Every structure is written in C-alpha cells, then in structure tokens.
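Only one structure is covered here, and it is reproduced in the block below.
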Amino acid sequence: MMGLMQDRPLLISSLLTHVEQYHGDSAVVGIPCEGGAVHQSWADTARRARQGAQALARLGVAQGDRVATLAWNTHRHLELYFAVPGIGAVLHTVNPRLFAEQIEYIVNHGGAEVLAFDLPFLDLVDQLAERLPRLRHRIVMTDPEHMPAGRDDLLCYETLLAAETGTLDWPTLDERAASGLCYTSGTTGNPKGVLYSHRSTVLHAFLCCQADGLHLSRADSTLLAVPLFHVNAWGIPYASAMCGAKLVLPGPKLDGKSLFDLATDQGCTFSLGVPTVWIGLLRYLDEAGIDPALLPFQRLLIGGSAAPRALIERFHHAGVHAFQAWGMSETSPLATVATLLPHHRALPLDRQIDVLARQGRAMFGVELRIVDDAGQALPHDGVVTGELMVRGPWVLSGYFGGVGDAVLDADGWFATGDVARIDPEGFVTLTDRSKDVIKSGGEWISSIELENAALGHPAVEAAAVVGVAHERWQERPLMLVMRKPDQNPAAKEIITFLSERVARWWLPDDVVFVDSLPLTATGKLDKKVLRQQYRDYLLSAGTGG
Ligand code: AMP
2 MMGLMQDRPL
12 LISSLLTHVE
22 QYHGDSAVVG
32 IPCEGGAVHQ
42 SWADTARRAR
52 QGAQALARLG
62 VAQGDRVATL
72 AWNTHRHLEL
82 YFAVPGIGAV
92 LHTVNPRLFA
102 EQIEYIVNHG
112 GAEVLAFDLP
122 FLDLVDQLAE
132 RLPRLRHRIV
142 MTDPEHMPAG
152 RDDLLCYETL
162 LAAETGTLDW
172 PTLDERAASG
182 LCYTSGTTGN
192 PKGVLYSHRS
202 TVLHAFLCCQ
212 ADGLHLSRAD
222 STLLAVPLFH
232 VNAWGIPYAS
242 AMCGAKLVLP
252 GPKLDGKSLF
262 DLATDQGCTF
272 SLGVPTVWIG
282 LLRYLDEAGI
292 DPALLPFQRL
302 LIGGSAAPRA
312 LIERFHHAGV
322 HAFQAWGMSE
332 TSPLATVATL
342 LPHHRALPLD
352 RQIDVLARQG
362 RAMFGVELRI
372 VDDAGQALPH
382 DGVVTGELMV
392 RGPWVLSGYF
402 GGVGDAVLDA
412 DGWFATGDVA
422 RIDPEGFVTL
432 TDRSKDVIKS
442 GGEWISSIEL
452 ENAALGHPAV
462 EAAAVVGVAH
472 ERWQERPLML
482 VMRKPDQNPA
492 AKEIITFLSE
502 RVARWWLPDD
512 VVFVDSLPLT
522 ATGKLDKKVL
532 RQQYRDYLLS
542 AGTGG
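Those letters in the sequence shown? Residues 2 to 546, per my numbering, in order.
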C-alpha cells in the first residue's frame, strides 16, 4: 500500500521562494570585482535572480542547457546559483585558477552556450574565444559603467537584469533534473563532471542546517571563504536560503587581512574554507599583532584537505569552535562532520580537539565503509585502514557524459580513492589519498599523519610529505617544510620532534626547507608536482640503499 502524502518536488527555486517569504530582510553582502561593497537582502536577491532567469530565457537558455561561470564569490554569482537551475538549466561553475587548456576542456565538455564571467577574467575569455566554439553569449558580470569599451560582442549583466520585470513563476521541474555541474580536480587524466540534481542539492542543504551538521541557522552571518566554484561552495548558498542565514561574499580577495576586516565588519559567526585560507588568516593576525581572540567567528569549518590539528587547536584557544568535515565533489560535498558526542563534552579541551580534528561521522543519508584491495569489508575498529566507500542520495551515480563508465560497484558503493580507518563510534580518520600513501617495504606510511605531527612544531608554517624512490625500501617519506618567518630550525630538530610523535620507521629520510609549496587550483597541496620534483631525491643524494 502506498502512502497518501503529497509528492511535492524538492526544487532549488523553492529555497529561494522560502527565503524571500520568511527571511526576506536577512542580508546578502558582496564585494564585487569593481570594488566597494553591495548590501542587499535575500528578498532583493530573489527578485534579481528572477530577473536573471528572465534574461537567460530571453537569450534562449532552455531546460537542460548549461550556463557556465568563471567568477569569484559575489552577489551576482549567487543570483545565478538560483536563476540558472530555477528555469531548469544547469549551472556549470568553472574554476578560473585552472590552466587555460583545462578551462577550455571543461567548458567544451560541459557544453555551455552561455558563459558569465567576472571582469578580471576578460583576457582569459578573449584568449579562449576561438577555442570555445559552442559559446553563443558571453556575459560580463558587471554594470554598464565598468563594461569594456567598444565590445559589442559582450553582454552586460546589470543591463540584462534592468530590462526584466522580475515577475516570474518558477517552473515545476522533476526534482531529479540536473541543476549544477562541477568538474573534479582531475589529478589524473581529464577532469570529470559531477552533475547534481535539485533533489540531491536540497537534501544536502538539510544536512548543513542540522544541529549536528553545520548548525547553520538564521542566527548566522556566514563568511563564504570557499569559492562558489569549489563544489557549490560546499552547499552553503543553498543551505543559507533554506534557513535564512546572512551571507557574506568576499569577492576576489581571500587574503588574511581582507577576510579578517570583512568578517569583523559583518559580525560573521561562521566561516568555512580550506586549511591554506586559515593558515593565511592566522599568519596575517600574527604579523599585524592582532589577538586571534578578536576573530568574530563562533564556528569554523576546515575542510577540503586534512585540517592540521595544530590549526584547529589555535582557533579553539582563540575561542572559535573549529571543526573538520570531509567530502568530495562526488558527494556534493559534505559526507562526514566532526561533532562532539555527549560524552566528549566532559573531556578536557585538548581531548575534545582530538575528536574535532578527525574527519567526522557520517550524517544521516550517508553510508560509509572501508574495504581491502579485494573489495572485502573491513572492521570499524579504529585500527585497520582501507579504501573508503560511500553511498547516499547526494553521492554521484556516474560522471557527466558517461566518462569513466560505471563508477559504482554491484551494491551501489562509490570508491572514494581515500584511505581511512573508522572507529567503533563511526569517526572516520583519513590517513591518505590512495595515490599519496607511502609504501615503504610493503608497509604503509600516512603522509597526512606525518604532516599533522610536523605542524605541531612552533616553527613550521606548512609541511608536505611525499613518497620518493628508495633503493631498498622502494619508497621512503621525504618532508618539505615551509618555516614561519624568522624561524630557522634545522632538519635534525624537526626529525627529533617527530620521533616523539610517530613510529621510528615512519620518520622522513630527510627534511627539505622550501619557500613555498605548490597548491592545486582549489588550494590543496599539489603532491603530484612534489613527487615529480623530488622523485630521485634520495637516490641522487646518495642516501638510498
Ligand atoms: P574535491 O573533489 O576537489 O573537493 O576533492 C576531494 C578530496 O579532498 C577528498 O577525496 C579527499 O582526498 C580530500 N579531502 C576533503 N576533505 C578532507 C578532509 N577533511 N581531510 C582530508 N582530506 C580531505
């Protein structure tokens, strides 16, 4: 017997309709690329999104069509987050930090006919013009005063909006229809597209608003320090509309000073981003002699790559509840969140931080398990490590265009490529990306745990560990360290520090001091580059064997 409840679709447009009706006066603050600041309400955002939707329809954008963006976190980009899927089209956010060739591949593969971009990317768009043959319209996300002169081939975002009434009934769509497209970092082979649906997006937004999720609510003022082109800014724009949270969009400036000034100015209670952003913020505070206790945040989510324990600790000592979450483009992205259980709350702060520094527990809807090389399930005993597998209604079922063929196993599990252990309470600890694991004489060494240990040293600003060729052990760990300004520890000092924290055979064979570490386009350590650069380091240094 079937239930007799209404089968109303879960649509992105309903998030916007809700926020307009119930939280219309809640604010959206954006720093556009032209400078200055834009203060508008969620009601303004809803109206402008409808105008944007009308303009796109007038340009011929129909259901299923892709609209690509090359843009920072601005109020206009946020409006497209609703305007595009609202009319059944697909928002394809492209990371402008990628190489031109990668952008060309991704835009062409996504098949967009309309590209909306920020003014600073004009040269890039011009450079690619002839290599993006499908594009019919290029929209500059600016106002008429800032439009490049003599460019009749470009459309102006604000001019397009001004021509529309903003009166529109959003169409009723199939909730399983595609709403967004995002390409994975693609560390091997070509990037692959993950195609989100209205249903997966709305369900993911519920997770963000759960108390044991990201606890997002109307009481929050969120500084969006993760770009809108990085996995839908971890779902926060849609979740903010669901609960009416104020949203602060920092535009192109993600440096420590800009973030601190904006967060303070806007009374931001919550923020989220990759570790490098937070390391940059703390470095700025140290250099400027600002007490981190002046940070306005109550909560801070660190994700996207392993959050060093020392980083989480510094925020807690400043009164900010920093915590970790794990996910990937393929999981929308949030899958696990580190939340204290009741019995953790009685523990001393140090022990609580140990809990929050793990990748966290599965939220309802996400199923997890770890498997061995043969695909056999491994115990959740907090000791054994295996490949992390995930299943759930906001986990992909296949890549866009059928790339990679069938990506799920017979039971519907997606292999994440991450290596982890799961403890009996369900807390996941990620030990590595499978390609970053260091295989030394048949045993595995966790690069993440070594990096975490090094970051506990007061002179270490950033650390990366990669496996490099070794005559006897096939691979041994090599540690690259960026020192803090005016700090000069010797390699031996770092090794001694590590020897008190990790097994002896895990100790890096050498520590190399570097001025910078390569980052990917989403701000993560680019270990592929380091592996190539240092592959023969131990052999050529004559220490192999
Ligand atoms: P992307 O799809 O570009 O967001 O990359 C997803 C990958 O980032 C995951 O598969 C992990 O390897 C890594 N990642 C994300 N969050 C974390 C985390 N909290 N700790 C460690 N690695 C993470």
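Idealized CB from N, CA, C, for every residue including glycine.
As the structure is a computational prediction, the values presented were derived from the model and not from experiment.
Separation of glutamate 159 and proline 238 (C-alpha to C-alpha, rounded to the nearest whole angstrom) is 21 angstroms. For proline 309, the shortest separation between its Cβ and any heavy atom of ligand 1 does not lie below 7 angstroms. The residues Leu456, Gly457, in chain order, have a CB closer than 6 angstroms to that of alanine 311 in the same chain once the five nearest residues on each side in sequence are set aside.
Classified as buried, serine 201 has 16 or more neighbouring CB atoms from the shown chains inside 10 Å of its CB. Under the 8 angstroms Cβ criterion, the segment 223–232 does not count as touching the segment 342–360, having fewer than three qualifying pairs. Cβ-Cβ separation between alanine 464 and leucine 531: approximately 11 angstroms, too far for a contact (criterion under 8 angstroms). For threonine 430, the secondary structure class from DSSP, reduced to helix, strand or coil, is strand. Where glutamine 299 is concerned, there is no enclosing alpha helix (DSSP H), because DSSP gives it neither an H nor an E.
Apart from the 5 residues on each side of it in sequence, alanine 28 sits with its Cβ closer than 7 angstroms to the Cβ of His40, Ser42, Lys247 in its chain, given in chain order. Checking the DSSP bridge columns, you'll see alanine 326 partnered with Val338. Residue nearest to lysine 254 within the set Asn74, Arg51, Lys529, Gln7 is Asn74 (criterion: CA-CA distance). Taking all protein chains shown into account, proline 425 has fewer than 16 neighbouring C-beta atoms within 10 Å of its C-beta and is therefore exposed. Relative to ligand 1, the nearest heavy atom lies less than 7 angstroms away from the CB of threonine 523.
Taking non-hydrogen atoms of ligand 1 into account, the C-beta of aspartate 419 is found less than 7 angstroms away from one of them. Restricting attention to beta strand (DSSP E) runs no shorter than 3 residues, the segment 69–137 encloses them at 91–94, 115–118, ordered along the chain.
Cβ neighbours of valine 321 within its own chain (closer than 6 angstroms, five residues either side excluded): Leu296, Phe298, Leu301.
Valine 115 is positioned such that its CB atom lies closer than 8 angstroms to that of leucine 60. Annotated three-state conformation of cysteine 244 is helix, per DSSP. For valine 85, the CB contacts under 6 angstroms within the same chain, skipping 5 residues up- and downstream, are Val68, Leu92 in chain order.
Counting only residues of its own chain and dropping the five nearest sequence neighbours on each side, leucine 133 has a CB closer than 6 angstroms to the CB of Val108.
Counting along the chain, no alpha helix (DSSP H) covers threonine 386, and no H or E run does either.
Taken through DSSP and simplified to helix, strand or coil, lysine 440 comes out as strand. Relative to ligand 1, the beta carbon of alanine 358 is positioned no closer than 7 angstroms to any heavy atom. In the structure shown, alanine 63 adopts coil according to DSSP, grouped into three states. Between threonine 386 and glycine 361 the beta-carbon gap is near 17 angstroms, outside 8 angstroms, which marks them as no contact. Short note on proline 228: C-beta not closer than 7 angstroms to any heavy atom of ligand 1. Between the beta-carbon of threonine 417 and that of methionine 329 there is about 6 angstroms, and that keeps the pair under the 8 angstroms contact cut. Rounded to the nearest angstrom, the Cβ distance from proline 121 to cysteine 34 is 6 angstroms, consistent with a contact under 8 angstroms. Less than 8 angstroms separates the beta-carbon of valine 467 from that of tyrosine 535. Contact check for valine 513 against leucine 540 fails: the beta carbons are separated by 8 angstroms or more. Here lysine 525 really is in contact with glycine 305; their C-beta atoms are around 6 angstroms apart, less than 8 angstroms. For alanine 311, the enclosing alpha helix (DSSP H) covers residues 310–318. Ranked by Cα distance from valine 429, the options Gly245, Leu161, Glu146, Asp382 are led by Asp382. A straight line joining the alpha-carbon of alanine 234 with that of alanine 323 spans about 18 angstroms. Judged by DSSP secondary structure, glutamate 368 falls outside any alpha helix (DSSP H) and instead within the beta strand (DSSP E) spanning 368–372. Ranked by Cα distance from methionine 142, the first of Leu71, Asp170, Asp487, Arg284 is Leu71.
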